[in-house]
Amino acid sequence: MSPFTLFILLLGLSAAAYFVGRRKAFAVGRKIGGVNRMHSLPTYYGVLTALWCGIPALLIFSCWLMFESNVITSLVIAQLPEEIRSLPPNRLGLIINDITNLVHGNIVGGEVNRVIEQAAEHYRGLKAISHAALATVTLSLAILAVILVQSRISPRLRARNRVEQVFQMVLIACSCIAIVTTLSIVLSVLFEAIRFFRAVPISEFLFGLNWSPQLAIRADQVGSSGAFGAVPVFIGTLLISLIAMLVAVPIGLMAAIYLSEYAHKRVRDVAKPLLEILAGIPTVVYGFFAALMVAPLIRDTGGLLGLAVASESALAAGLVMGVMIIPFVSSLSDDVINAVPQALRDGAYALGATQSETIKQVVLPAALPGIVGSILLAVSRAIGETMIVVMAAGLAANMTFNPLQTVTTVTVQIVTLLIGDQEFDSPKTLAAFALGLLLFVVTLGLNIIALYVVRKYKEQYE
Amino acid sequence: MSSIHSTMTLASVTRPPTVDLVKSGLKRRYRAERRFRSYGMAAVIMSVLFLAFLFFSIVSKGYTAFQQTFIRLPIHFDPAEIDPTNPAAANYDGMIRQALLKRFPTVEGRNARRDLFALVSPGASFQLSAMARQDPSVIGRTVEVWLPANDDIDMLVKGQIDRDLPETERRLNNDQLEWVRSLQAENMIEKHFNRIFFTAGDSREPELAGIWGAAVGSFYTLLVTLVLSFPIGVAAAVYLQEFAPKNTWTDIIEVNINNLAAVPSIIFGLLGLAVFLNFFGLPRSTPLVGGLVLTLMTLPTIIIASRVALGAVPPSIREAALGVGASKTQVVLHHVLPLALPGVLTGAIIGMARALGETAPLLMIGMVAFIVDIPKGLTDPATALPVQIFLWADSPERGFVERTSAAIMVLLAFLIVMNATAIFLRRRFERRW
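First to last, the protein sequences are chains A and B. So in the numbering used here the end of the first sequence lands on 503, straight run, no missing numbers. So in the numbering used here the end of the second sequence lands on 491, straight run, no missing numbers.
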């Protein structure tokens, strides 16, 4: 029986268990003179039966499948002849791949010999045994649970409380997924990064001035020694983010001030959704726009002015990224400005200040922490933005602050290092995880500070 | 204190009254006021202009892709060539070449002939093969067929290739231009609606490339995302908003969710690569893994939106339900959640729209592969719409530029529909208490 049919069967069984439990509750209720003398509604007895039938069986089902292939593979390896088992791990991995491909009926990379065929046969046999065992175990467990639970249905069984307990546990589990996600991000990135730092010292990574992650394929190859000094990459990231912030902060902030303090309601009703559209456009669209429209435009304008502009200039990527971040800055600052109490404005007006003086000297200083927080969030967004820079910024890690030249960023490097088939233990791919770790730590730090500042600021006026 | 008082009295004696002081500065201050206001207006207008420029440039580059150039050729389905039991094996390229040579009998020489044959797309033979398979009665007859032209011809007909450029700088030589002109004179070249674009998978040839494969990939990916992230997100929001005690643990969860919402999407891609692909050994490039990664990415959005919606339900509803003897769970399931559902759904749709436009994490888990086949399930290799846009944007052929723009238009159309649905839901069903 294939796992999928088994899964459907288990679901069907627990649906049936619901009706079994419910009927039993009705039957018990009739005996003691009315269902309403039971502790819970009959539905709860049904749900309780269904839960007992489904959950343990499905738990075993998923654990089994999670470990099945590992166990079978190690059993198959144990059966292989000695000369194959003593091969280096990557060669052995290839042979295992061949075996599993043969089992699944895929195209096999290497030649198929007697040994591999035998191993595949062995694999298939083990898999069949495992599936049969899984079916027997889960189905008998499910049926056993139904029999046990429905025999215990009595007026005193507090089915509703039990069901609600399970429900709460499910809710708690769901809300812990956020924690699990963060932990697995940290662990997976950290784990690979540590492997990278074993090959490349951390000081060289953080302070080295030369980035060229191309590793030699052959030992005697020229010009590809692999240098992992990430400073040029950081500088590129900073440069592009700086350009983006120079565009986004003034425009976003002024737009927020205008929309919240000056604009007529009708203007606001039109302009705000338009800004939100700007925020909803996928970044790959901005990337295309930057690479195919803005970059040539800048290059041609630069050519007219007699400037040498690289076709993948930092300026193009930064400008478009700035446009992308405008709505982000403006909506966050809008919230912050609206949170400033009206009484402060009224006080300023009463002293004879004009509206712009009120804004500049009362509202903005009052809102400053919140605005700083939203700018920090925007910076973290700019640093982590990927598609625009992948499409519009370059790959060459130049150490320059000239916005007309090509620079590269952390995200671009992560993408280029990991796209394509790579060996997973070369420093080149692991470097991507080291960069990822750095990106995560920096953006996380910015976010925590920013969210803390914004929250403190909002509490101040509540 | 006394010194201030004395200077003030002094000032009132020697200087003009305060009103005049204020009045003299008024002009300057009003100017500053107007200037500040116009800065604000300029910022809003600039953002809107950016938006207009973006849309204009994409639409003006992309609308031509919805039409495609076709060449009408009388194809003789040679019964000597086609085996009726196996029509797919016949040499349809040969038949197209025969038809072209019949139309231009003067073309001599290998190079000239190759240029002639290049007028028709290399994929045109598949169309003929499909015709012969579907309707075997064409075998033995001569049928007028509209075949897709090569992308260079397509660009020429659409006016993207300048006929006046010197021959060496053009992708088409003078002979080819002449052939096209003579075919155009006889109405044998026409632009038709580009059905291939909406029904085909990816291809190296722009005229044969379509977005259907990517759209199906996106659909499967979003399906996984929706099925996982909606129930989990709502459950987490219900717990945090309705059940959770106020303690350090829930504080940690809250801070965590807010931070996850701001983690760069590429980090989720790294997570997917390290955990789902390398640790759990799930298949690369599949909608299943893509959906899992996007689930983790959209969860915070859905949780935050759902919490806002749940929080907007007034406490009186809960108290009334508790008052008639409902348990806490019943209060939530029977009363609070149904009332909050429009807001929850709006959040979910907005999260899905964001997931639909997301590219970077999908690059990390290998959904950038060149995949011609339409995916048939969750574990088939696939790409997604935004990834297809990324792939085409990198392609050097000119025909892909307009197709990229057209694919962007399709993607934006989907996003606009989704967001409009969200806004509609909010307007129609939102209750204010």
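Even for Gly, the Cβ is constructed at its ideal location relative to N, Cα and C.
| Query | Result |
| --- | --- |
| Taking just the CA atoms, how far does A/Glu-233 sit from A/Leu-280? | 28 Å |
| Measure the C-alpha to C-alpha separation of B/Pro-419 and A/Leu-228 and round it to an integer number of angstroms. | 18 Å |
| When burial is assigned at 16 or more other CB atoms within 10 Å of the CB, is B/Ser-61 buried or exposed? | Caution is warranted here: a pLDDT of 49 is assigned to B/Ser-61, below 50, making its placement in the model unreliable, and no coordinate value can be reported. |
| Does the separation of the CB atoms of B/Leu-177 and B/Trp-237 fall below 8 Å? | yes |
| Closer than 6 Å by C-beta to A/Ala-438: which residues in its own chain qualify, once you throw out the five before and the five after it? Chain order, please. | Trp-252, Pro-273, Val-274, Thr-449 |
| Flag B/Phe-94 as yes if its beta-carbon sits less than 8 Å from any beta-carbon of chain A, otherwise no. | yes |
| Under three-state DSSP, which class holds A/Ser-244? | helix |
| Determine, using beta carbons only, whether B/Val-426 and A/Ile-460 come nearer to each other than 8 Å. | yes |
| Can you have a look at B/Arg-79 and say buried or exposed, based on whether 16 or more other CB atoms are within 10 angstroms of its CB? | The residue asked about is misnamed: residue 79 of chain B is Leu in this sequence, not Arg. Classification of B/Leu-79: exposed, given that the 10 Å Cβ count is below 16. |
| With a threshold of 16 other CB atoms inside 10 Å of the CB of A/Thr-342, please say whether the residue is buried or exposed. | exposed |
| Just checking: is the beta-carbon of A/Glu-123 within a distance shorter than 8 Å of some beta-carbon in chain B? | no |
| Residues of chain A with a CB under 7 Å from the CB of B/Ser-364: which are they? | The premise fails here: B/Ser-364 is roughly 11 Å from chain A at the closest Cβ pair, so nothing lies under 7 Å. |
| In chain order, what residues of the same chain have a beta carbon less than 7 Å from the beta carbon of B/Asn-149, not counting five sequence neighbours either side? | Glu-139 |
| Pull up the CB-CB distance for A/Leu-247 and A/Ala-271, whole angstroms please, since I reckon it's below 8 Å. | 7 Å |
| For A/Ala-320, which residues of its own chain have a beta-carbon under 6 Å away from its beta-carbon, when the five flanking residues on both sides are left out? | Pro-368 |
| At the level of alpha carbons, what is the spacing between B/Val-333 and B/Arg-342? | 12 Å |
| Report yes or no: is there a C-beta of chain A within less than 8 Å of the C-beta of B/Val-347? | no |
| Quick one, are the C-beta atoms of B/Asn-208 and B/Glu-166 less than 8 Å apart? | no |
| May I have the straight-line CA-CA distance separating B/Ala-170 from A/Gly-249, to the nearest angstrom? | 57 Å |
| So is A/Pro-580 in contact with chain B if we call contact Cβ pairs under 8 Å? | Since the first residue shown for chain A is 42 and the last is 503, residue 580 of chain A is missing from the structure and cannot be characterised. |
| Using a threshold of 8 Å, state whether the C-beta atoms of A/Ile-101 and A/Lys-168 are closer than that. | no |
| Taking the continuous beta strand (DSSP E) assigned at B/Val-382, which residues delimit it? | Counting along the chain, B/Val-382 falls outside any beta strand (DSSP E), and DSSP gives it neither H nor E. |
| Please tell me whether A/Ala-57 has its Cβ less than 8 Å away from any Cβ of chain B. | no |
| Chain A partners of B/Thr-200, CB-CB under 9 Å? | In chain order: nothing, as chain A lies at least about 41 Å away. |
| Go through its chain and collect everything with a Cβ distance to B/Met-59's Cβ below 6 Å, but skip five positions before and after it. | Residue confidence for B/Met-59 is low, a pLDDT of 44 falling below 50, so the modelled location carries little weight and cannot support an answer. |
| Of all the CB atoms in chain A, is at least one closer than 8 Å to the CB of B/Ser-60? | Unreliable placement is indicated for B/Ser-60, whose pLDDT of 47 sits below 50; the coordinate value is still reported in the next sentence. Chain A contact via Cβ: absent. |
| From A/Ser-192 to A/Ser-55, what does the alpha carbon distance come to, in whole angstroms? | 16 Å |
| For B/Gly-349 versus B/Thr-283, is the C-beta distance shorter than 8 Å? | yes |
| Can you give me the start and stop residues for the beta strand (DSSP E) that B/Trp-204 sits inside? | 200 to 206 |
| Which residues, taken in chain order from the region 95 to 114 of chain B, show a beta carbon closer than 7 Å to some beta carbon of chain A? | Arg-95, Tyr-97, Gly-98, Met-99, Ala-101, Val-102, Met-104, Ser-105, Val-106, Phe-108, Leu-109, Leu-112 |
| Once DSSP output is grouped into helix, strand and coil, what is the label at B/Ile-129? | strand |
| Measure the alpha-carbon distance for B/Arg-485 versus B/Ala-370 and round it to whole angstroms. | 15 Å |
| If we count the other Cβ atoms within 10 Å of its Cβ and call it buried at 16 or more, is A/Asn-154 buried or exposed? | exposed |
| Do three or more CB pairs link the region 427 to 446 of chain A to the region 339 to 359 of chain A at distances below 8 Å? | yes |
| Starting from B/Ile-247, trace the alpha helix (DSSP H) both ways and give me its first and last residue. | Here B/Ile-247 belongs to no alpha helix (DSSP H); instead the beta strand (DSSP E) covers 247 to 251. |
| Counting only Cβ pairs nearer than 7 Å, list the residues of chain B close to A/Gly-425. | Pro-322, Ile-324 |
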